[in-house]
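In the numbering used here, the protein residues as written are 29 to 249. Beta carbons are placed, not taken as given, at the ideal position from N, Cα and C, and that holds for glycine. Below you'll find the structure, written out as structure tokens, and then a few comments.
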Amino acid sequence: MRLELYLVTDPGLTAGRPLLQVVAAALEGGVTAVQLRDKKASPRELLAVGAEVRRLARRHQATFIVNDRADLALALEADGVHVGAEDLPPLEARRLVPRPRLMGVSAASVEEAVSAQRAGADYVGAGPVFATATKPGAGKPIGFEGVAAIASAVRIPVVGIGGIDSGNAASVIGAGASGVAVISAIVGARDPGSAAREILYRVREALDRRGAPRPEAEEGP
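Here's what the structure looks like:
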């Protein structure tokens with residue numbers, strides 16, 4: 029499970045570029061996990077795109093996660109599934125997607141994070157850390173304090189999400205997160221590979237400063 033730099037896909041932010049092109053560039057830049065997320069696509073479309081995303085993720089030894097759909101996660105032989113507040117309840121998702129596959133759960137509070145851990149989550153996506161236009165209905169930002177509180181309350185990794193970019197990623201790690209989830213700062217970047225490389229460098233610097241364990245270091249940009 030590699031969660032340092034967790035890319036969440038959004039075909040609406042690619043500025044007309046093919047999503048797979050953006051994902052490939054981001055993985056070249058060092059993305060360590062990719063979540064296939066497209067609320068508008070049909071299951072058939074998700075299966076087709078997901079098979080290619082899985083292939084790209086495997087090539088780069090990145091973790092491949094499917095958003096919400098436990099059935100598609102199984103069909104695609106993904107590494108796991110991620111469920112949010114309005115998706116399949118974590119207990120049901122865990123039953124459908126048993127270990128060794130992973131389950132991530134979105135959490136906006138300590139109570140939700142602890143509940144997710146009890147339900148069998150392998151990590152929590154904590155946020156939104158900052159206000160974000162990508163998910164306008166995501167709720168009130170929890171800030172660094174919210175990330176720190178959640179990270180202190182659970183034993184599983186915490187991934188900060190919501191409005192994260194190269195300018196604030198290190199501070200999210202400093203607050204206690206094991207990684208950051210990014211959407212627009214990579215998917216919408218002119219050069220997704222360079223954007224990913226810069227964010228990953230800052231994340232790994234912050235992990236080193238905190239003395240947190242992480243995979244082997246790579247050279248910075």
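Does the Cβ of residue i lie closer than 7 Å to at least one heavy atom of the ligand HEM?
i: R87; result: This structure does not include the ligand HEM; it has no bound ligands of any sort.
Thinking C-beta only, is residue j closer than 8 Å to residue i?
i: T208; j: V50; result: Per the sequence shown, the amino acid found at residue 208 is Val instead of Thr. Result no, Cβ atoms of V208 and V50 do not sit closer than 8 Å.
i: G204; j: V157; result: no
i: G108; j: R129; result: yes
i: V210; j: L33; result: yes
i: G153; j: A135; result: yes
i: G155; j: G132; result: no
i: R235; j: Y151; result: For the record, residue 235 in the displayed sequence is Leu; it is not Arg. No, the Cβ-Cβ distance between L235 and Y151 is not below 8 Å.
i: V94; j: A79; result: no
i: A98; j: L124; result: yes
i: L41; j: S206; result: no
i: D96; j: L119; result: no
i: R232; j: G202; result: no
Can you list, in chain order, the residues of its chain with a C-beta nearer than 8 Å to that of residue i? Leave out the 5 residues immediately preceding and following it.
i: P249; result: Caution is warranted here: a pLDDT of 37 is assigned to P249, below 50, making its placement in the model unreliable, and no coordinate value can be reported.
i: A181; result: V138, A141, V142
i: P126; result: none
i: E244; result: Summary for E244: the model assigns pLDDT 46, below 50, so the residue's position carries little reliability; its value from the coordinates is reported in the next sentence. Answer for E244: no residue qualifies.
So what's residue i in DSSP terms, helix, strand or just coil?
i: A245; result: Legend: pLDDT at A245 = 38, less than 50; position of this residue unreliable, no value from coordinates given.
i: G216; result: coil
i: V210; result: strand
i: S134; result: strand
i: I184; result: coil
i: F22; result: Since the first residue of the chain shown is 29 and the last is 249, residue 22 is not available in this structure.
i: A240; result: coil
i: A61; result: strand
Can you list, in chain order, the residues of its chain whose CB lies under 6 Å from that of residue i, leaving out five sequence neighbours each side?
i: L74; result: L100
i: A52; result: L84
i: G195; result: none
i: R72; result: none
What residue does the beta strand (DSSP E) around residue i start on, and which one ends it?
i: I201; result: Taken as a continuous stretch (DSSP letters only), I201 belongs to no beta strand (DSSP E), being part of the alpha helix (DSSP H) at 197–202.
i: L33; result: 33–36
i: G108; result: 108–111
i: V94; result: 91–95
Can you tell which of the options has the C-alpha that lies nearest to the C-alpha of residue i?
i: G167; options: A177, S199, A234, E114; result: E114
i: V186; options: A159, A240, L48; result: A240
i: L64; options: E56, G58, A76, G57; result: A76
i: F172; options: A198, A161, A54, V62; result: A198
i: R183; options: G202, Q145, A217; result: Q145
i: T37; options: A61, V231, R86; result: A61
i: D219; options: E56, G202, E120, G40; result: E56
i: R87; options: L47, R232, A54, R237; result: A54
Span of the alpha helix (DSSP H) holding residue i?
i: Q49; result: 47–56
i: L124; result: 118–124
i: L74; result: 71–87
i: A98; result: 98–103
Skipping 5 residues on each side, what residues in its chain have a beta carbon closer than 7 Å to that of residue i?
i: G58; result: L33, A224, R225, L228, E246
i: D66; result: T37, P39, L74
i: L102; result: V125
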